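A.B. asks: Read top to bottom, the protein sequences are chains A and B. Quick note, the first sequence lines up with residues 449 to 624 if you use the working numbering. Quick note, the second sequence lines up with residues 449 to 624 if you use the working numbering.
There are 2 protein chains.
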Amino acid sequence: MTMANKNNGCVLWLTGLPASGKSTLAEEVCKVFESKGLAVEHLDGDKVREVFPQTGFDRASRNDHIRRMGFLASRLEKYGVIVVASFISPYQESRDSIRGMCKNFYEIYLNTPLEICKSRDPKGLYKLAMEGKILNFTGIQEPYEPPQQPQLVLDTSTLSIPQARDRILDLLYSVH
Amino acid sequence: MTMANKNNGCVLWLTGLPASGKSTLAEEVCKVFESKGLAVEHLDGDKVREVFPQTGFDRASRNDHIRRMGFLASRLEKYGVIVVASFISPYQESRDSIRGMCKNFYEIYLNTPLEICKSRDPKGLYKLAMEGKILNFTGIQEPYEPPQQPQLVLDTSTLSIPQARDRILDLLYSVH
Chain A
449 MTMANKNNGC VLWLTGLPAS GKSTLAEEVC KVFESKGLAV EHLDGDKVRE
499 VFPQTGFDRA SRNDHIRRMG FLASRLEKYG VIVVASFISP YQESRDSIRG
549 MCKNFYEIYL NTPLEICKSR DPKGLYKLAM EGKILNFTGI QEPYEPPQQP
599 QLVLDTSTLS IPQARDRILD LLYSVH
Chain B
449 MTMANKNNGC VLWLTGLPAS GKSTLAEEVC KVFESKGLAV EHLDGDKVRE
499 VFPQTGFDRA SRNDHIRRMG FLASRLEKYG VIVVASFISP YQESRDSIRG
549 MCKNFYEIYL NTPLEICKSR DPKGLYKLAM EGKILNFTGI QEPYEPPQQP
599 QLVLDTSTLS IPQARDRILD LLYSVH
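#1: Could one say the Cβ of Arg523/B lies closer than 8 Å to chain A's Cβ atoms, at least one of them?
#2: For a cutoff of 8 Å on Cβ pairs, would you count His541/B as touching chain A?
#3: Under 8 Å by Cβ, that's how I've got Glu541/A and Val459/A pegged, so tell me the actual separation to the nearest angstrom.
#4: Just reading off the alpha helix (DSSP H) that Tyr621/B is part of, what are its end residues?
#5: Output needed for Gly518/A: all residues of its chain with C-beta closer than 6 Å, excluding positions within five of it in sequence on either side, in chain order.
#6: Determine the burial state of Asn455/B: buried for a count of at least 16 other Cβ atoms within 10 Å of its Cβ, exposed for fewer.
#7: Starting from Ala577/A, trace the alpha helix (DSSP H) both ways and give me its first and last residue.
#8: If you reduce the DSSP assignment to three classes, tell me which class Ile556/B lands in.
#9: Between Ala519/A and chain B, is there a C-beta pair that is closer than 8 Å?
#10: Check whether chain B comes within 8 Å of Cys510/A, counting only Cβ atoms and requiring the distance to be less than that.
#11: Could you list which residues in chain B have their beta carbon closer than 9 Å to that of Phe500/A, in chain order?
#12: Please classify Lys504/A as buried or exposed, where buried requires at least 16 other C-beta atoms within 10 Å of its C-beta.
#13: Roughly how many whole angstroms lie between the Cα atoms of Ser483/B and Arg613/B?
#14: What do you get for Met449/B, buried or exposed, if any count of 16 or more other CB atoms within 10 angstroms of its CB means buried?
#15: Closest by CA to Ser537/B, which one among Ile564/B, Leu486/B and Glu590/B?
#16: In the structure shown, what three-state DSSP assignment does Val496/B receive?
#17: Does DSSP classify Ile536/A as helix, strand or coil?
#18: So, using beta-carbon positions, are Pro595/B and Arg543/B closer together than 8 Å?
#19: Do you know how far the Cα of Thr606/B is from the Cα of Tyr557/B?
#20: Thinking C-beta only, is Val601/B closer than 8 Å to Asn559/B?
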């Protein structure tokens, strides 16, 4: 049984290109907190879109969507939930607006190089985007704006997932 | 300092026409829980729209918006927060989809008569809608679909706000 403790509330916001390793890493981080009996919620871009399929991929729709997720994260944080969010969230303006909503916000930038992400392409989406069969794909047609002042930068092409996970945990324990 | 207790989590969903008394009643219910040191979150239609101003008022946009709020409510409930939601939420389909997402969901229908709501008109919106200056206004141009099987029906033209508040508390204490 997990309990929310008001003092634990925080938002770990993983941002980066498609296939940079966000979801996998977020899941591993969540497992650690769950094993400690802490209240942790994983908000994942792909999974949330299944709940809200109508959200578009143009800049305004993406910003709106990310702001809504930020609002949700901020409410959960308020009640002591550790929120681990994995969203491409390509635009600085929406990430900044979430920072403004949250109390303990950590922007974690997965700067895995584009060429590595392209070669991983677990869902074949880069291929479809490069063939022009998907439009508005971040990294191909749409820009990814790297965080200006992230709390942590992780490259999952040089770090293993457990190593990257431990960096995140170290960050959190150093300040919490 | 309020603490979330997993056993307390529930969603009290107030639905009804504009000016039927939802927000006022929700605030009074929240005050009671807050005074007991319980974790309670008020999700209010008007306030949430300030955070997400781009949401439209057509049927699809409203349904999407209400589903998003339901998702938020369900996540908060999961961690022991008492969620008091006050939304017109005019369509049965979106209210039903929220019921499906939540564990302890109470649909509370404010059936204050339309004529009373019109005469209250605290923000002058009924007037603007009747003059055709606001479109898609529930109760004027758009239908309100009354709940088929609400857990509670309250008419704030015959009940005082404290009376209506106590009915909600009685409902909750009778099952929790």
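Ideal Cβ positions, reconstructed from N, Cα and C, are used throughout, including at glycine. Small disclaimer: the values here were computed from a predicted structure and weren't measured.
C.D. replies: So, from the listed chains and residues:
#1: As a first step, residue 523/B must be located in the second sequence, where it is residue number 75. Yes, its Cβ sits closer than 8 Å to a Cβ of chain A.
#2: The sequence position of residue 541/B within the second sequence is 93, counting from 1. For the record, residue 541/B in the displayed sequence is Glu; it is not His. For Glu541/B, the answer is no, since every Cβ of chain A falls outside 8 Å of its Cβ.
#3: On the first sequence, residue 541/A is found 93 positions in, with the first residue counted as 1. On the first sequence, residue 459/A is found 11 positions in, with the first residue counted as 1. About 17 Å; that fails the 8 Å criterion.
#4: If you number the second sequence from 1, residue 621/B lands on position 173. First-last of the alpha helix (DSSP H) with Tyr621/B: Ile609 to Val623.
#5: Against the first sequence, residue 518/A aligns to sequence position 70. In its chain, beyond the 5 residues on either side, Ile546 and Met549 have a beta carbon closer than 6 Å to the beta carbon of Gly518/A.
#6: Translated into positions along the second sequence, residue 455/B becomes position 7. By the neighbour-count definition (other C-beta atoms within 10 Å, threshold 16), Asn455/B is an exposed residue.
#7: Numbered from 1 along the first sequence, position 129 holds the residue referred to as residue 577/A. Taken as a continuous stretch (DSSP letters only), the alpha helix (DSSP H) holding Ala577/A covers Leu573 to Met578.
#8: Taking the second sequence and counting its residues from 1, the one referred to as residue 556/B is at position 108. Ile556/B falls in the strand class under three-state DSSP.
#9: Counted from its first residue, the first sequence places residue 519/A at position 71. Checking the displayed sequence, the identity of residue 519/A turns out to be Phe instead of Ala. Yes, Phe519/A lies at the interface with chain B (some Cβ there is under 8 Å from its Cβ).
#10: Taking the first residue of the first sequence as 1, we reach residue 510/A at position 62. The question names Cys, yet the displayed sequence has Arg at residue 510/A. It does not; no Cβ of chain B falls within 8 Å.
#11: The sequence position of residue 500/A within the first sequence is 52, counting from 1. The answer, in chain order, is Asp512, Arg515, Arg516 and Phe519.
#12: The count along the first sequence starts at 1 and reaches residue 504/A at position 56. The sequence shown places Gly at residue 504/A, rather than the Lys named in the question. In summary, Gly504/A is exposed, with fewer than 16 beta-carbon neighbours lying within 10 Å of its beta-carbon over all protein chains present.
#13: As a working note, residue 483/B is residue 35 in the second sequence. As a working note, residue 613/B is residue 165 in the second sequence. Going from the Cα of Ser483/B to the Cα of Arg613/B covers about 14 Å.
#14: As a position in the second sequence, residue 449/B is number 1, starting the count at 1. Low local confidence applies: a pLDDT of 38 at Met449/B is under 50, so the model's placement there is unreliable, and no value is given.
#15: As a first step, residue 537/B is located in the second sequence; it is residue number 89 there, counting from the start. Taking only the C-alpha atoms, the option nearest Ser537/B is Glu590/B.
#16: Taking the second sequence and counting its residues from 1, one reaches residue 496/B at position 48. Helix, per DSSP.
#17: Position 88 of the first sequence, counted from the start, is the residue given in the question as residue 536/A. Coil, per DSSP.
#18: Translated into positions along the second sequence, residue 595/B becomes position 147. Translated into positions along the second sequence, residue 543/B becomes position 95. The beta carbons of Pro595/B and Arg543/B sit closer together than 8 Å.
#19: Translated into the one-based positions of the second sequence, residue 557/B becomes position 109. Translated into the one-based positions of the second sequence, residue 606/B becomes position 158. Rounded to the nearest angstrom, the two C-alpha atoms are 14 Å apart.
#20: Residue numbering aside, residue 559/B sits at position 111 when the second sequence is read from its first letter. Residue numbering aside, residue 601/B sits at position 153 when the second sequence is read from its first letter. The Cβ atoms of Asn559/B and Val601/B sit closer than 8 Å to each other.
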